[in-house]
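Number of protein chains: 2
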Amino acid sequence: MRLIPLGGLGEIGKNMMVIEYGDDIMIIDCGLMFPEEDMPGIDLVIPDISYLLERKDKIRGIVITHGHEDHIGALPYILPQLDAPIYCAPLPHGLITVKLKEARVHASNKVHETKAGDVIKLGVFSVEFVAMCHSIPDAAGLIIRTPVGTIVHSGDFKLDYTPVDGKTCDLSRLAQIGSEGVLLLLADSTHVEIPGYTPSEKVVGETISAVMSNAPGRVIVTTFASLVARIQQVMDAAVKYNRRIFIAGRSMSEIVKMALRLGYLKAPDGLIGELSEMNRLPPNRVALITTGSQGEPTSALVRIANGEHREVQIKKDDTIIISASPIPGNESVVSKTIDSLFKLGAQVFYDRVAKVHVHGHASQEELRLLQSLIRPQYFVPVHGEYRHLKLHSQLAEQMGVAKENIFTLEDGDILELSPQGGKIVGHAPASNVYVDGISVGDINGVVLRNRKMLAQDGIVVAIVTLDAESGHLVVRPDIVSRGFVDPDTGKALIESSRDLVVKMFDTETQYVADSAVISNKVRDLLAKYYYEKTRRRPMVLPVLVTV
Amino acid sequence: MRLIPLGGLGEIGKNMMVIEYGDDIMIIDCGLMFPEEDMPGIDLVIPDISYLLERKDKIRGIVITHGHEDHIGALPYILPQLDAPIYCAPLPHGLITVKLKEARVHASNKVHETKAGDVIKLGVFSVEFVAMCHSIPDAAGLIIRTPVGTIVHSGDFKLDYTPVDGKTCDLSRLAQIGSEGVLLLLADSTHVEIPGYTPSEKVVGETISAVMSNAPGRVIVTTFASLVARIQQVMDAAVKYNRRIFIAGRSMSEIVKMALRLGYLKAPDGLIGELSEMNRLPPNRVALITTGSQGEPTSALVRIANGEHREVQIKKDDTIIISASPIPGNESVVSKTIDSLFKLGAQVFYDRVAKVHVHGHASQEELRLLQSLIRPQYFVPVHGEYRHLKLHSQLAEQMGVAKENIFTLEDGDILELSPQGGKIVGHAPASNVYVDGISVGDINGVVLRNRKMLAQDGIVVAIVTLDAESGHLVVRPDIVSRGFVDPDTGKALIESSRDLVVKMFDTETQYVADSAVISNKVRDLLAKYYYEKTRRRPMVLPVLVTV
Numbered sequence: 001m002r003l004i005p006l007g008g009l010g011e012i013g014k015n016m017m018v019i020e021y022g023d024d025i026m027i028i029d030c031g032l033m034f035p036e037e038d039m040p041g042i043d044l045v046i047p048d049i050s051y052l053l054e055r056k057d058k059i060r061g062i063v064i065t066h067g068h069e070d071h072i073g074a075l076p077y078i079l080p081q082l083d084a085p086i087y088c089a090p091l092p093h094g095l096i097t098v099k100l101k102e103a104r105v106h107a108s109n110k111v112h113e114t115k116a117g118d119v120i121k122l123g124v125f126s127v128e129f130v131a132m133c134h135s136i137p138d139a140a141g142l143i144i145r146t147p148v149g150t151i152v153h154s155g156d157f158k159l160d161y162t163p164v165d166g167k168t169c170d171l172s173r174l175a176q177i178g179s180e181g182v183l184l185l186l187a188d189s190t191h192v193e194i195p196g197y198t199p200s201e202k203v204v205g206e207t208i209s210a211v212m213s214n215a216p217g218r219v220i221v222t223t224f225a226s227l228v229a230r231i232q233q234v235m236d237a238a239v240k241y242n243r244r245i246f247i248a249g250r251s252m253s254e255i256v257k258m259a260l261r262l263g264y265l266k267a268p269d270g271l272i273g274e275l276s277e278m279n280r281l282p283p284n285r286v287a288l289i290t291t292g293s294q295g296e297p298t299s300a301l302v303r304i305a306n307g308e309h310r311e312v313q314i315k316k317d318d319t320i321i322i323s324a325s326p327i328p329g330n331e332s333v334v335s336k337t338i339d340s341l342f343k344l345g346a347q348v349f350y351d352r353v354a355k356v357h358v359h360g361h362a363s364q365e366e367l368r369l370l371q372s373l374i375r376p377q378y379f380v381p382v383h384g385e386y387r388h389l390k391l392h393s394q395l396a397e398q399m400g401v402a403k404e405n406i407f408t409l410e411d412g413d414i415l416e417l418s419p420q421g422g423k424i425v426g427h428a429p430a431s432n433v434y435v436d437g438i439s440v441g442d443i444n445g446v447v448l449r450n451r452k453m454l455a456q457d458g459i460v461v462a463i464v465t466l467d468a469e470s471g472h473l474v475v476r477p478d479i480v481s482r483g484f485v486d487p488d489t490g491k492a493l494i495e496s497s498r499d500l501v502v503k504m505f506d507t508e509t510q511y512v513a514d515s516a517v518i519s520n521k522v523r524d525l526l527a528k529y530y531y532e533k534t535r536r537r538p539m540v541l542p543v544l545v546t547v
Numbered sequence: 001m002r003l004i005p006l007g008g009l010g011e012i013g014k015n016m017m018v019i020e021y022g023d024d025i026m027i028i029d030c031g032l033m034f035p036e037e038d039m040p041g042i043d044l045v046i047p048d049i050s051y052l053l054e055r056k057d058k059i060r061g062i063v064i065t066h067g068h069e070d071h072i073g074a075l076p077y078i079l080p081q082l083d084a085p086i087y088c089a090p091l092p093h094g095l096i097t098v099k100l101k102e103a104r105v106h107a108s109n110k111v112h113e114t115k116a117g118d119v120i121k122l123g124v125f126s127v128e129f130v131a132m133c134h135s136i137p138d139a140a141g142l143i144i145r146t147p148v149g150t151i152v153h154s155g156d157f158k159l160d161y162t163p164v165d166g167k168t169c170d171l172s173r174l175a176q177i178g179s180e181g182v183l184l185l186l187a188d189s190t191h192v193e194i195p196g197y198t199p200s201e202k203v204v205g206e207t208i209s210a211v212m213s214n215a216p217g218r219v220i221v222t223t224f225a226s227l228v229a230r231i232q233q234v235m236d237a238a239v240k241y242n243r244r245i246f247i248a249g250r251s252m253s254e255i256v257k258m259a260l261r262l263g264y265l266k267a268p269d270g271l272i273g274e275l276s277e278m279n280r281l282p283p284n285r286v287a288l289i290t291t292g293s294q295g296e297p298t299s300a301l302v303r304i305a306n307g308e309h310r311e312v313q314i315k316k317d318d319t320i321i322i323s324a325s326p327i328p329g330n331e332s333v334v335s336k337t338i339d340s341l342f343k344l345g346a347q348v349f350y351d352r353v354a355k356v357h358v359h360g361h362a363s364q365e366e367l368r369l370l371q372s373l374i375r376p377q378y379f380v381p382v383h384g385e386y387r388h389l390k391l392h393s394q395l396a397e398q399m400g401v402a403k404e405n406i407f408t409l410e411d412g413d414i415l416e417l418s419p420q421g422g423k424i425v426g427h428a429p430a431s432n433v434y435v436d437g438i439s440v441g442d443i444n445g446v447v448l449r450n451r452k453m454l455a456q457d458g459i460v461v462a463i464v465t466l467d468a469e470s471g472h473l474v475v476r477p478d479i480v481s482r483g484f485v486d487p488d489t490g491k492a493l494i495e496s497s498r499d500l501v502v503k504m505f506d507t508e509t510q511y512v513a514d515s516a517v518i519s520n521k522v523r524d525l526l527a528k529y530y531y532e533k534t535r536r537r538p539m540v541l542p543v544l545v546t547v
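Those protein sequence lines, which keep their order, are chains H and F. The numbering of the first sequence is full-length UniProt numbering, which starts it at 1 and goes up by one. The numbering of the second sequence is full-length UniProt numbering, which starts it at 1 and goes up by one.
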């Protein structure tokens with residue numbers, strides 16, 4: 001049996017996990033990542049599926065653990081290439097259906113709804129869905145029966161004993177499977193750095209409730225649209241303190257509608273009002289739920305913070321709860337949003353100063369509990385960057401898994417596994433596939449390197465018009481720059497560099513060189529001159545016109 | 001009396017604080033900030049000193065609280081413009097002298113050494129230096145006597161009762177001044193979000209000691225070069241566990257040398273060895289101190305992690321201590337360095353998993369203690385982003401400062417203050433002054449906007465050669481792109497856009513338009529076409545050549 005983690009931008013096996021036995025392949029999740037700082041202009045990053053494309057006819061299906069973007073978001077890009085059935089719980093089913101429709105991928109008939117306890121057959125594999133808790137409803141772990149033994153995949157999870165919807169992790173089922181004997185455990189490593197237990201979602205409800213009871217004016221809560229339990233707690237507090245709920249932001253409105261329809265959210269009739277009616281109520285009767293917890297520039301909260309929202313303007317007695325942590329990379333935009341809200345006179349509660357957020361991933365003691373229930377022969381940590389996997393491996397070793405039976409993989413590693421032993425036998429292609437605009441995969445290292453270079457010191461274009469016969473300059477060369485120097489203060493520098501090119505041709509007109517040679521000479525001359533004068537290295541692009 | 005915070009990139013009054021009374025101006029600190037993500041290519045950001053340049057002859061001196069870059073780093077850029085004497089403790093004196101020499105600013109004779117308890121006269125002001133604890137030796141608070149009352153400035157500080165060098169904050173002096181009556185307190189807000197007390201530096205020594213006693217091989221510690229107390233603790237642990245100390249990284253070597261010479265570091269003879277000799281010792285006799293705690297690309301640790309260091313290669317039994325927290329913005333590069341070290345087989349201890357770092361700033365209870373000692377009439381929070389100042393203002397109000405006597409300023413705000421009341425009376429210029437290469441202040445919003453646009457989707461240059469008389473195209477237009485599409489896969493798109501330009505001139509040759517009009521037409525045509533085909537918006541730069 002082969003196990004291959006794919007995608008994830010350094011979070012191993014996060015977006016996609018491939019399991020292969022003989023002529024059968026099953027895929028776990030199909031998600032995307034948002035670009036890192038050193039990927040300017042890139043919209044999304046999706047897994048490299050070259051390995052799968054070469055084995056298309058082996059693929060029996062895609063199993064989805066839960067409905068977060070990093071587990072379902074690549075489906076619109078990948079499904080048209082793979083044409084496999086998808087199996088998932090009702091909420092991810094709803095989210096995937098919308099997503100495929102928006103992307104005009106006609107594959108809804110391939111998305112099959114499952115529920116906890118269901119077992120599906122995918123070639124030699126049979127897959128059972130197990131209820132797990134996470135920061136979105138309908139999260140699942142997987143029990144996968146294979147010809148060589150049982151695999152348990154935790155999915156993204158935490159052990160919340162008092163979840164808002166009452167649906168706890170099915171620890172009994174996991175314990176039962178553990179006692180039957182498990183070949184391999186794959187478990188979520190995201191929060192392995194954190195000692196103890198992740199607090200229950202309930203803790204946040206208490207904070208929201210306290211803030212809402214004390215707030216003199218409106219209470220504005222921002223969180224992830226998919227964090228349905230959080231939204232439920234805001235609604236419950238609003239009912240308790242006699243406030244009406246209003247929603248701002250498209251994705252929040254849509255998910256709330258879907259969650260109400262599918263029964264994941266419960267709200268008494270008349271609780272939710274139209275945003276346009278909000279200002280008719282006294283402020284202390286209002287609770288507003290918005291998008292924007294990550295400081296997204298076009299989100300409702302950021303537009304509110306910048307004074308650019310049509311319906312919501314911040315007033316002195318407003319209280320804002322940022323009920324989320326910044327995802328790494330978003331810290332500074334979130335901080336700026338908080339600063340702006342304070343400047344407008346609001347009181348702001350955020351994760352560093354109040355218990356307004358808990359995470360959706362298991363901490364160390366929860367991971368130890370999982371190990372002790374499953375007692376696997378092999379362990380492969382997943383869903384984390386390399387240091388997380390390494391720490392999770394050390395934790396598993398402490399819990400009794402033999403050191404040689406623990407595999408800290410990287411994306412693309414092909415792990416061959418049987419009850420007799422495991423070994424990395426090769427590497428599947430696992431580069432980042434960039435989505436930029438409507439194209440997928442055409443952006444490569446050269447384009448990104450150029451973008452980064454352009455961002456550093458800008459560009460200088462030198463237009464050199466030469467007489468085809470004599471090789472003489474026809475006119476004084478034109479030099480245009482963008483992002484290099486200020487057009488006014490840099491004028492003298494640009495002019496003197498034009499003189500320099502003129503001089504070069506004055507002294508070298510005796511031969512008509514190859515145009516590539518001339519271009520290189522102009523580039524080197526200008527690059528050197530600009531560096532001497534400014535210590536900057538703009539991209540220099542000579543353009544030769546021969547007439 | 002006027003108080004004006006300047007510089008700091010959103011951290012108010014961090015880099016510079018101006019105090020003005022009648023014909024006298026004194027300046028506190030003269031630091032720089034490192035650029036944020038949305039400032040591509042910028043090397044440094046320094047305060048805008050337009051207000052000071054207009055009042056040059058009033059300036060009596062610059063007082064330095066401590067030797068960190070954000071408090072002294074702008075001196076080489078600003079001193080040549082202001083020509084004022086500088087007063088500071090021995091360590092900042094040493095650091096500033098080196099800095100000015102490296103920048104070839106001949107002003108060392110203007111730097112005057114002071115020590116705790118010294119009082120200097122700056123026009124109507126007299127300034128007393130008070131010993132404070134911070135993450136660098138010789139940190140000072142200031143007691144400033146003015147004609148309208150006493151100002152206390154905390155500087156960057158924490159209340160360490162067991163500092164490594166034994167030099168605690170002079171709380172008695174502060175209490176004494178407090179009981180005499182203080183008009184205004186300016187206090188460090190950096191860690192106002194954190195409840196309780198900041199732990200003593202000593203805590204880290206215990207961790208370092210424990211790691212060093214258990215490590216099977218070499219111990220490599222990285223920290224800030226200026227965190228002399230940390231380096232002392234590494235040396236003490238090395239002595240205890242019979243390891244020799246080696247140093248990698250230029251700035252670390254230099255500061256260690258200076259600190260040894262000035263007596264801030266104490267090491268027995270023979271403890272410190274030459275890096276070239278390190279590999280001759282058994283690994284468990286080695287402790288290596290390096291730069292690179294912030295993941296700086298050219299630092300020793302990052303080169304070691306990337307396998308690019310000439311003298312240090314990671315071996316399986318190496319233990320690495322990242323004895324620092326990532327400064328906001330550096331999280332991802334630090335994480336990648338940790339991942340690389342784990343991949344090479346080392347064990348890594350870092351701030352999220354071990355007590356390997358404590359901060360240098362006061363937490364809430366320390367700030368409350370300061371308030372209770374000083375009991376100021378007015379309070380102005382400094383050294384923090386706006387939300388920190390706001391929270392610090394709320395803390396001061398809880399401690400008894402009247403709400404109307406608390407001023408949450410922004411950089412450039414001019415606060416007019418007397419015992420009768422305070423008011424913001426105007427705004428001094430306080431924009432970011434960018435240093436890029438050797439030029440200071442010539443980069444403006446347009447240049448940065450262009451750089452950001454270039455980074456997003458690259459640039460397309462279209463060279464259109466026209467006959468001066470007829471306005472006809474002389475040759476098929478040439479189109480060159482960088483950072484827009486892959487040169488190979490994007491070839492067809494570029495070719496079809498050349499056709500488009502040819503077609504435009506075919507249908508419009510009846511008139512010879514103004515060249516600006518033609519340029520705009522070409523730009524709009526191409527921008528629209530590329531967006532339709534790719535959903536990207538490269539910068540389009542038409543170049544018209546008429547022959």
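Beta carbons are placed, not taken as given, at the ideal position from N, Cα and C, and that holds for glycine. Just so it is clear, the structure is predicted and the values come from calculations on it, not from any experiment.
Proximity test, Cβ basis, 9 Å: residue i and chain F
i      : result
H:F342 : yes
H:R352 : yes
Start and end residues, beta strand (DSSP E) containing residue i
i      : result
F:H153 : 149-153
H:V433 : 433-436
C-alpha gap between residue i and residue j, whole angstroms
i      : j      : result
F:I62  : H:K343 : 31 Å
H:R280 : H:V286 : 10 Å
F:F349 : H:G13  : 24 Å
F:R55  : F:R145 : 21 Å
H:S213 : F:Y197 : 30 Å
Host alpha helix (DSSP H) of residue i (start-end)
i      : result
H:I418 : Note that residue 418 of chain H is Ser in the sequence shown here, rather than Ile. Note, H:S418: premise wrong, no alpha helix (DSSP H); beta strand (DSSP E) at 413-418.
H:Q377 : Segment: none, H:Q377 is in no alpha helix (DSSP H) and carries neither H nor E.
H:A187 : Note, H:A187: premise wrong, no alpha helix (DSSP H); beta strand (DSSP E) at 184-188.
H:G426 : Unbroken run through H:G426 is the beta strand (DSSP E), 421-427; no alpha helix (DSSP H).
Own chain, CB closer than 7 Å to residue i, minus 5 neighbours either side, in chain order
i      : result
F:I397 : According to the sequence shown, residue 397 of chain F is Glu rather than Ile. K403, I406, listed in sequence order.
H:D70  : K14, N15, G31, L32, M33
H:R110 : First, the amino acid is wrong: residue 110 of chain H is Lys here, not Arg. The answer, listed in chain order, is P85, I86.
Contacting residues, own chain, Cβ-Cβ under 8 Å from residue i (five flanking each side not counted)
i      : result
H:Y386 : G10, I12, T408, E410
9 Å Cβ cutoff, residue i in contact with chain H
i      : result
F:T222 : no
### the segment 382-405 of chain F: positions lying closer than 8 Å to chain H by Cβ
Those would be E385, Y386, R387, K390, L391, in chain order.
### Message
Tell me which residues of the segment 442-457 of chain F have at least one Cβ-Cβ distance to chain H shorter than 9 Å, keeping chain order.
### Response
Within the segment 442-457 of chain F, the residues whose Cβ lies closer than 9 Å to any Cβ of chain H are, in chain order, D442, I443, N444, V446, V447, L448, R449, N450, R451, K452, M453, L454, A455, Q456, D457.
### Contact residues within the segment 521-547 of chain F, judged by C-beta distance below 7 Å to chain H
Going along the segment 521-547 of chain F in chain order, one finds T534, R535, R536, M539, L541, V543, V545, V547 with a Cβ nearer than 7 Å to chain H.
### Task
For the segment 471-485 of chain F, enumerate the residues whose C-beta is nearer than 8 Å to any C-beta of chain H, in chain order.
The residues in question are V474, V475, D478, V480, R482, G483, F484, V485.
### Task
Check distances from the C-beta atoms of the segment 309-332 of chain H to those of chain F and list, in chain order, the residues that come in under 7 Å.
For the segment 309-332 of chain H, the beta-carbon criterion of a distance under 7 Å to any beta-carbon of chain F is satisfied by P328, G329, E331, S332.
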